[in-house]
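**Student:**
Set out below in structure tokens:
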């Protein structure tokens with residue numbers, strides 16, 4: 001510890017070193033402030049979004065885990081999920097749409113996607129998928145409740 005304090009005192013005694021350290025500290029704090037602002041903006045925007053391809057692959061993977069799908073079903077469901085993901089991305093990125101309208105438009109897209117997905121599933125698979133989606137929605141609701149309670 002004495003070596004460190006001695007070194008720090010030696011650095012601070014010469015004026016040029018002190019100025020250099022102050023400049024570095026300023027840059028460090030400016031960098032920290034920049035990171036805080038950018039992370040705050042990302043949190044407000046919903047964080048980093050997955051690409052439509054990543055989302056469609058993940059969604060089709062969930063479906064494959066929950067349902068016994070044929071190869072043809074997987075291909076058709078991936079295409080439907082990719083189409084939905086591309087449309088959803090376009091809505092999220094359209095700055096002319098008001099925030100409240102985004103929710104409405106996304107709900108319309110989800111309903112369209114459900115109709116498309118239902119075409120490729122048997123009745124049993126569809127009912128199982130609806131139950132899974134309902135369970136996931138309920139789980140997300142509970143998680144959000146916990147987050148809200150921990151904030152306040």
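In our numbering, the protein residues as written are 1 to 152.
Don't be surprised by glycine CBs; every beta carbon is placed ideally from N, CA and C.
What you are looking at is a predicted structure, and each value in this text was computed from that prediction instead of being measured.
In terms of alpha-carbon separation, which member of 96, 50 and 101 lies closest to residue 86?
**Tutor:** The residue labelled residue 86 in the question sits at position 86 within the chain shown. The shortest C-alpha separation from residue 86 is found at 50.
**Student:** When you compare each of 78, 99 and 90 to residue 114 by their alpha carbons, which one comes out closest?
**Tutor:** Here residue 114 is taken as the residue at index 114 of the chain shown, counted from 1. It is 78 whose Cα lies nearest to the Cα of residue 114.
**Student:** For residue 117, which of helix, strand or coil comes out of DSSP?
**Tutor:** As a working mapping, residue 117 is identified with position 117 in the chain shown. Three-state DSSP puts residue 117 in a helix.
**Student:** Alpha carbon to alpha carbon, how far is residue 126 from residue 118? Give it in angstroms, no decimals.
**Tutor:** What you label residue 118 is simply residue 118 of the chain shown in a count that begins at 1. What you label residue 126 is simply residue 126 of the chain shown in a count that begins at 1. Cα to Cα, the separation comes out at about 6 Å.
**Student:** Considering only C-alpha positions, which residue in the set 82, 21, 124 and 96 is nearest to residue 112?
**Tutor:** For the purposes of this step, residue 112 is taken as residue 112 along the chain shown, with counting starting at 1. If we check each option's Cα against that of residue 112, 82 comes out closest.
**Student:** Residue 76 lies in the alpha helix (DSSP H); which residues open and close that run?
**Tutor:** Start at 1 with the first residue of the chain shown, and residue 76 comes out as number 76. Segment 71-93, the alpha helix (DSSP H) holding residue 76.
**Student:** Using CA coordinates, which residue listed in 138, 123, 101 and 129 is at the minimum distance from residue 157?
**Tutor:** Within the shown structure, residues of the chain are numbered from 1 to 152, placing residue 157 beyond reach of any answer.
**Student:** Would you decide whether residue 84 is buried or exposed? Buried here means 16 or more other CB atoms lie within 10 Å of its CB.
**Tutor:** For this step, residue 84 is matched to residue 84 along the chain shown. When all chains shown are included, residue 84 counts as buried.
**Student:** Assign residue 101 to buried or exposed, taking buried as 16 or more other Cβ atoms, counted over all protein chains shown, within 10 Å of its Cβ.
**Tutor:** The sequence position of residue 101 within the chain shown is 101, counting from 1. Classification for residue 101: exposed.
**Student:** Can you tell me where the alpha helix (DSSP H) holding residue 66 begins and where it ends?
**Tutor:** Here residue 66 corresponds to residue number 66 of the chain shown, with the count starting at 1. Element bounds for residue 66: 52-66.
**Student:** How would you label residue 88, buried or exposed, when you count the other beta carbons within 10 angstroms and need 16 or more for buried?
**Tutor:** As a first step, residue 88 must be located in the chain shown, where it is residue number 88. With 16 or more other Cβ atoms within 10 Å, it is buried.
**Student:** Looking only at its chain, what residues have a beta carbon closer than 7 Å to the beta carbon of residue 166, apart from the 5 residues adjacent to it on each side?
**Tutor:** What is shown of the chain runs 1 to 152, which leaves residue 166 out entirely.
**Student:** Using only the alpha-carbon positions, how far apart do residue 103 and residue 20 sit?
**Tutor:** As a position in the chain shown, residue 103 is number 103, starting the count at 1. As a position in the chain shown, residue 20 is number 20, starting the count at 1. Looking at the two C-alpha atoms, the distance is approximately 51 Å.
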